[in-house]
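Our numbering applies: residue 8 is where the sequence shown begins, and numbers increase by one. What follows is a short report on a single structure.
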Amino acid sequence: MSILRSIHDRLTGVLGRDCQGKPLRPGDRVEVIDDGTVKDDWIGFRTTVAGKAPENEEYPGMPRVRLANGATGCARCLMRVNDNDSASWRDVVKSTGWTPRRVTTEEREDEGVSP
């Protein structure tokens, strides 16, 4: 890695790079990729970058990710997931079968939420 890239990364909050060389920052959405060391349960797991691993851990300096149980962990090979502008409710309905609907004031009051 060049010294200029290293300085740029440090100044812009980059914690590391994914398997394609894209910068990873806290809050970025990532997917765990199989590099031969990942348990089958975690391959394809989507999560967010939580921070950087301390130097005294197994993967020092690697980006930490949030796990399903609320804990954090590290993976050697992550791929940043790009949220594009083409995402739409129509795509959500098609892929999940769930249809969004407007919440009325009466429903909110029934749940104890004031308008």
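Glycine included, every Cβ here is placed at the ideal spot set by N, Cα and C.
Can you give me the C-alpha to C-alpha distance between residue i and residue j, rounded to a whole angstrom?
i    : j    : result
A82  : S102 : 28 Å
C84  : L31  : 12 Å
Q27  : R108 : 38 Å
S95  : N63  : 43 Å
T79  : H15  : 26 Å
D194 : L18  : There is no way to answer for residue 194, as the model of the chain reaches only from 8 to 122.
D35  : V88  : 8 Å
Find the nearest neighbour of residue i within the set the options, judged by alpha-carbon distance.
i   : options            : result
P33 : A75, S13, G20      : G20
R71 : D16, H15, L22, R17 : L22
Y66 : L18, K29, T44, I10 : T44
N76 : F52, M69, D98      : F52
According to the neighbour-count rule (16 or more other Cβ atoms, all chains shown, within 10 Å of its Cβ), is residue i buried or exposed?
i    : result
A60  : buried
T106 : exposed
V110 : exposed
D41  : exposed
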